[in-house]
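Chains as they are written, first to last, in our numbering: chain A, 4 to 289; chain B, 10 to 515.
Laid out in structure tokens, this is it:
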């Protein structure tokens with residue numbers, strides 16, 4: 004059995020574990036039995052561990068972080084998401100967020116598995132460009148930071164959606180299916196806020212390391228590439244959101260809506276720009 | 010065989026005046042039980058009286074002696090009477106029916122009330138129906154507010170009284186312990202106690218869905234009133250940080266604040282008293298459940314030295330306080346709004362949009378309904394809360410069906426135990442157990458010895474003889490049921506000694 008196969012089996016097993024976790028969370032939504040949520044969380048942890056092993060293996064095989072094509076990128080994004088979710092869940096004990104995280108993980112991982120492992124159009128761009136190891140470090144930091152940040156912002160979006168559902172139930176006095184099952188508005192709002200702060204920090208660091216890498220490789224910090232412009236737009240949206248919250252008490256519904264809009268723009272920056280506009284991040288959406 | 014009978018009346022069959030007239034205090038029921046069981050004319054072996062503001066019930070066990078001649082009637086007659094209020098007029102002449110009349114007459118004498126006054130309100134349950142009724146009562150399936158948790162404590166207290174004075178015996182002891190465990194099971198496995206069914210508690214549940222931790226929240230009470238005060242008391246038991254009492258008459262506000270501070274002190278030192286105290290103040294039947302629930306669930310959260318800070322403020326200060334408080338409960342007699350949308354809107358900016366929960370219990374309303382349109386402000390008036398309560402009530406009724414099923418299962422198990430609590434089944438069971446042991450041990454030994462067939466038979470015969478000799482005296486003892494002995498007690502003891510109760514699917 005080649006290493007390649009082992010890596011493939013690991014990521015498929017991880018995906019199956021994520022699916023099982025999603026099932027546990029969905030049962031939890033209906034049955035409201037705490038042990039179901041514990042199973043769900045445990046399964047996500049197991050899935051993340053397997054997934055991590057797979058990614059490590061790929062890293063060893065390729066000599067660098069596997070983020071060359073869409074398949075690999077999605078896998079990295081999912082790993083970042085499960086890691087961030089585990090961290091936030093431990094910190095806030097926000098059981099219901101698993102209901103958002105686990106299906107998202109399943110979707111991303113399934114896509115990653117289905118996609119063909121195309122050869123990168125700029126094969127092994129590190130070596131080709133003859134980069135020194137310091138640039139390599141900036142590149143890996145850039146990828147890890149951006150994806151972790153995006154995972155945190157995805158969870159912020161998730162708690163924002165849950166907040167809107169719960170807020171509507173309380174405001175309109177129509178207590179539906181979710182009212183009993185969702186936690187308090189304050190807890191959802193706090194989780195969203197913490198996720199945004201975490202995500203925004205990571206995103207900022209990720210963008211800075213990206214700029215440094217660009218300077219090393221292309222000799223200039225900014226080349227006004229569409230990807231760069233949209234990244235700046237995304238960053239500004241979250242910056243505005245945080246500023247509004249700190250300075251003029253933007254919280255609750257407005258904040259939740261902004262979080263969702265922010266995440267939509269982020270998704271466009273991540274995938275949409277490559278698909279519709281183009282730019283120098285092309286390789287990893289093939 | 011022991012016959013279980015229960016006579017009683019409750020909120021469904023009797024008006025409050027009648028329930029009051031027939032209610033027993035703890036001392037009264039101790040006295041009544043004493044004379045009921047002490048009287049050698051009747052054949053009542055065990056009894057207990059259970060009396061609350063919603064029901065008065067007498068449970069008693071008739072000895073089998075009176076109906077030995079007609080035992081078959083005794084044991085089968087039970088399932089026929091479904092306990093409709095007119096079953097007391099049934100004229101079957103068995104022992105337990107005699108005793109039922111004795112108890113009814115006794116009740117009439119003791120309470121100095123002619124039988125005709127309350128006979129129509131009485132329900133009489135025999136055998137399984139009595140067991141089912143007790144289980145349903147303890148599980149709060151028969152309560153006015155289904156699922157209210159206090160009833161179990163009340164049943165326990167009534168049983169304790171009977172047990173301490175030895176008015177309860179083998180049957181009632183087991184019956185009540187089964188009732189307690191089924192009650193807990195129903196509460197655990199169904200949602201009958203899940204949602205608030207009182208206005209004030211519904212408000213607290215909402216507060217918990219808006220705020221993460223009530224410990225850090227401040228409350229403002231506008232005006233006064235039973236329901237509003239009760240809601241504040243719930244909030245106190247949930248450990249809110251501070252309470253501002255704004256009353257048009259400042260002195261009243263001071264008194265109320267003092268009362269709130271006092272509650273906390275009582276809560277801290279003696280929870281039980283606090284419950285009674287609050288109940289006494291409230292007189293709202295619905296709300297009695299909540300105090301208990303608070304106590305059970307949330308009290309542990311409250312630290313003893315955490316003194317509630319209730320403070321009276323002038324009514325005019327309410328606008329300024331809008332910035333500081335998180336929960337507002339309003340219950341004034343005002344005819345115009347005491348809080349307007351403009352005031353709240355202004356304050357929302359000052360409080361940096363921290364959520365504000367307003368509860369308007371007053372009729373006519375105190376708080377401008379437009380306030381609910383403001384972001385992060387949530388306004389509930391009394392109708393909104395009532396709707397929640399109604400919904401939850403429906404929810405509990407649905408859950409009660411599950412509870413009924415659990416109760417039915419428990420009744421069948423209890424019936425099985427009771428049926429076996431007789432001389433013949435007990436002897437058979439003991440004999441079977443010993444024979445089984447000896448048989449398997451002989452088998453083991455014989456297998457390892459490799460004896461001739463005759464020798465094997467000899468050993469088997471010996472084992473059989475040992476069984477019979479050992480069993481002889483106990484059987485004689487159990488069969489000898491005369492001498493005014495309480496057979497049930499010895500039968501139960503025998504079953505316990507040989508541990509055969511647990512073999513009957515118990």
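We put the beta carbon where it would ideally sit given N, CA and C, even for glycine. Fair warning: this is a prediction, and the values are worked out from it, not measured in the lab.
Quick check: the Cα distance between residue i and residue j, rounded to an integer number of angstroms?
i, j, result
"residue 442 (chain B)", "residue 509 (chain B)", "8 Å"
"residue 81 (chain B)", "residue 12 (chain B)", "Unreliable positioning characterises residue 81 (chain B) in this predicted model, as indicated by a pLDDT of 37, which lies under 50. The coordinate reading is nonetheless provided below. Distance between the alpha carbons of residue 81 (chain B) and residue 12 (chain B): 12 Å."
"residue 242 (chain B)", "residue 324 (chain B)", "20 Å"
"residue 168 (chain A)", "residue 114 (chain A)", "28 Å"
"residue 192 (chain B)", "residue 172 (chain B)", "19 Å"
"residue 215 (chain B)", "residue 275 (chain A)", "41 Å"
"residue 238 (chain A)", "residue 358 (chain B)", "27 Å"
"residue 153 (chain B)", "residue 127 (chain B)", "20 Å"
"residue 74 (chain B)", "residue 431 (chain B)", "Note that residue 74 (chain B) has pLDDT 47, beneath the 50 cutoff, so the model's placement of it is unreliable and no number is given."
"residue 103 (chain A)", "residue 186 (chain A)", "14 Å"
"residue 1 (chain A)", "residue 48 (chain A)", "In the structure displayed, chain A extends from 4 to 289; residue 1 (chain A) sits before or after that span and is not available."
"residue 169 (chain B)", "residue 175 (chain B)", "10 Å"
"residue 200 (chain B)", "residue 66 (chain B)", "27 Å"
"residue 152 (chain A)", "residue 38 (chain A)", "30 Å"
"residue 58 (chain B)", "residue 140 (chain B)", "15 Å"
"residue 189 (chain B)", "residue 182 (chain B)", "11 Å"
"residue 8 (chain A)", "residue 111 (chain A)", "20 Å"
"residue 21 (chain A)", "residue 195 (chain A)", "23 Å"
"residue 429 (chain B)", "residue 502 (chain B)", "13 Å"
"residue 500 (chain B)", "residue 402 (chain B)", "45 Å"
"residue 201 (chain A)", "residue 269 (chain B)", "42 Å"
"residue 60 (chain B)", "residue 265 (chain B)", "33 Å"
"residue 35 (chain A)", "residue 256 (chain A)", "26 Å"
"residue 352 (chain B)", "residue 22 (chain B)", "51 Å"
"residue 205 (chain A)", "residue 148 (chain A)", "5 Å"
Short of 8 Å in beta carbon distance, which residues of its chain neighbour residue i, apart from the five on each side in sequence? Order them along the chain.
i, result
"residue 522 (chain B)", "Here chain B has residues from 10 to 515 only, and residue 522 (chain B) is not among them."
"residue 228 (chain B)", "241, 244, 249, 251, 252, 253, 334, 335, 336, 337 and 338"
"residue 268 (chain A)", "233, 236, 237 and 240"
With a CB to CB cut of under 6 Å and the five nearest residues on each side skipped, what residues in its chain are close to residue i?
i, result
"residue 1 (chain A)", "In this structure chain A extends from 4 to 289, so residue 1 (chain A) is not present and cannot be described."
"residue 182 (chain A)", "172"
"residue 175 (chain A)", "none"
"residue 160 (chain B)", "149 and 152"
"residue 294 (chain B)", "Because the pLDDT at residue 294 (chain B) is just 38, under 50, the model does not fix this residue reliably, and the value given afterwards should be weighed accordingly. Excluding sequence neighbours, residue 294 (chain B) sits near nothing in its chain."
"residue 377 (chain B)", "346, 349 and 350"
"residue 546 (chain B)", "Outside the displayed span of chain B (10 to 515) sits residue 546 (chain B), for which this structure offers no information."
Taking the alpha helix (DSSP H) that residue i falls in, what are its first and last residues?
i, result
"residue 463 (chain B)", "462-488"
"residue 169 (chain B)", "159-173"
"residue 359 (chain B)", "350-359"
"residue 331 (chain B)", "Run containing residue 331 (chain B): none; DSSP gives neither H nor E here."
"residue 54 (chain A)", "37-65"
"residue 347 (chain B)", "Where residue 347 (chain B) is concerned, there is no enclosing alpha helix (DSSP H), given that its DSSP letter is neither H nor E."
"residue 38 (chain B)", "35-47"
"residue 223 (chain B)", "Residue 223 (chain B) -> no alpha helix (DSSP H), and no H or E assigned at all."
"residue 179 (chain B)", "179-198"
"residue 236 (chain B)", "235-246"
In this structure, what does DSSP give as the bridge partners for residue i?
i, result
"residue 17 (chain B)", "B:66 and B:132"
"residue 60 (chain B)", "B:65"
"residue 389 (chain B)", "B:368"
"residue 322 (chain B)", "B:255"
"residue 71 (chain B)", "B:12 and B:53"
"residue 208 (chain B)", "Its beta-bridge partners do not exist; DSSP assigns none."
"residue 376 (chain B)", "B:348"
Taking the beta strand (DSSP E) that residue i belongs to, which residues open and close that run?
i, result
"residue 339 (chain B)", "336-340"
"residue 232 (chain B)", "227-232"
"residue 251 (chain B)", "251-256"
"residue 366 (chain B)", "365-369"
"residue 250 (chain A)", "Per DSSP, residue 250 (chain A) belongs to no beta strand (DSSP E); it is in the alpha helix (DSSP H), 229-251."
Below 7 Å CB to CB, which residues in the same chain sit around residue i once its five sequence neighbours on both sides are set aside?
i, result
"residue 187 (chain B)", "419 and 423"
"residue 415 (chain B)", "191, 194, 195 and 198"
"residue 42 (chain A)", "27"
*Which of the residues in the region 249-272 of chain A, read from start to end, lie with their CB under 8 Å from any CB of chain E?*
Included in the structure are the protein chains A and B, with no chain E among them.
_Ignoring anything shorter than 3 residues, give me the beta strand (DSSP E) runs that lie fully in the region 71-123 of chain A, in order along the chain._
Complete beta strand (DSSP E) runs here, min 3: none at all.
*Give, in chain order, every unbroken run of the alpha helix (DSSP H) that is at least 4 residues long and sits entirely within the region 376-456 of chain B.*
Listed in chain order, the complete alpha helix (DSSP H) runs (minimum 4 residues) inside the region 376-456 of chain B are 391-429.
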